[in-house]
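J.: Once you've had a glance at the structure underneath, I'll fire off some questions.
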Amino acid sequence: MQLTLLKGKIHRATVTHAELHYEGSCAIDGRLLDIAGIREYERIDIYDVTSGERYSTYAIRGEEGSGVISVNGAAAHKSRVGDLVIICAYVQCDAAEAEAHKPVCVYVDRENRLTHTNHSMPKQAA
Numbered sequence: 000m001q002l003t004l005l006k007g008k009i010h011r012a013t014v015t016h017a018e019l020h021y022e023g024s025c026a027i028d029g030r031l032l033d034i035a036g037i038r039e040y041e042r043i044d045i046y047d048v049t050s051g052e053r054y055s056t057y058a059i060r061g062e063e064g065s066g067v068i069s070v071n072g073a074a075a076h077k078s079r080v081g082d083l084v085i086i087c088a089y090v091q092c093d094a095a096e097a098e099a100h101k102p103v104c105v106y107v108d109r110e111n112r113l114t115h116t117n118h119s120m121p122k123q124a125a
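Each residue of the sequence shown is one higher than the one before, starting from 0 at the first, in numbering that gives the first Met the number 0.
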């Protein structure tokens with residue numbers, strides 16, 4: 000049995016660019032990609048906290064330390080500059096691998112600068 004688990008995420012990043020006529024994808028600050036364990040050209044899901052939109056594309060490497068989060072092509076219709084987004088990548092693993100798996104959660108400020116990382120999510124209170 001294969002399970003799909005969260006591999007890495009960048010939580011509540013701010014969209015800095017929306018380029019409708021770019022070929023597609025999402026450019027992400029290369030430092031944030033590395034910290035989150037997301038590879039260039041890897042499929043990502045983007046959850047727009049501001050608009051409620053959810054869509055898939057692939058990551059491309061932006062300039063390290065730039066803070067860039069640029070939604071490109073058709074995705075530019077889904078998210079606007081200033082929107083807060085959660086960017087996630089997933090991994091397939093078997094049940095044994097899943098037991099030891101911990102995602103990398105990357106948290107950023109409003110300028111997309113790293114504030115901290117975690118390997119779990121806070122427990123949701125009832």
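Each residue gets a CB set at the ideal place from its N, CA and C atoms; glycine is no exception.
A quick note: this is a predicted structure, and the numbers were derived from the prediction, not measured.
1. Do ARG53 and GLU46 come within 8 Å of each other at the CB atom, strictly closer than that value?
2. If we ignore side chains and look at the alpha-carbon of each, how far apart do LEU113 and HIS20 end up?
3. Could you spell out where the alpha helix (DSSP H) holding LEU31 opens and where it closes?
4. Tell me the DSSP secondary structure of GLY61 in three-state form.
5. Looking only at its own chain, which residues have a Cβ that is under 8 Å from the Cβ of GLU62, when we skip the five neighbours before and after it?
6. In the DSSP assignment, find the alpha helix (DSSP H) that holds ALA88 and state where it starts and stops.
7. Measure the C-alpha to C-alpha separation of VAL14 and SER119 and round it to an integer number of angstroms.
8. For VAL84, which option in ILE68, ALA94, GLY36 and GLU96 has the closest C-alpha, if you only look at C-alpha atoms?
T.: Concretely, from the data shown:
1. One detail in the question is off: residue 46 reads as Tyr in this sequence, not Glu. Result yes, Cβ atoms of TYR46 and ARG53 sit closer than 8 Å.
2. 29 Å
3. 29-35
4. strand
5. ASP28 and GLY29
6. Where ALA88 is concerned, there is no enclosing alpha helix (DSSP H), although the beta strand (DSSP E) it sits in stretches over 83-93.
7. 24 Å
8. ILE68
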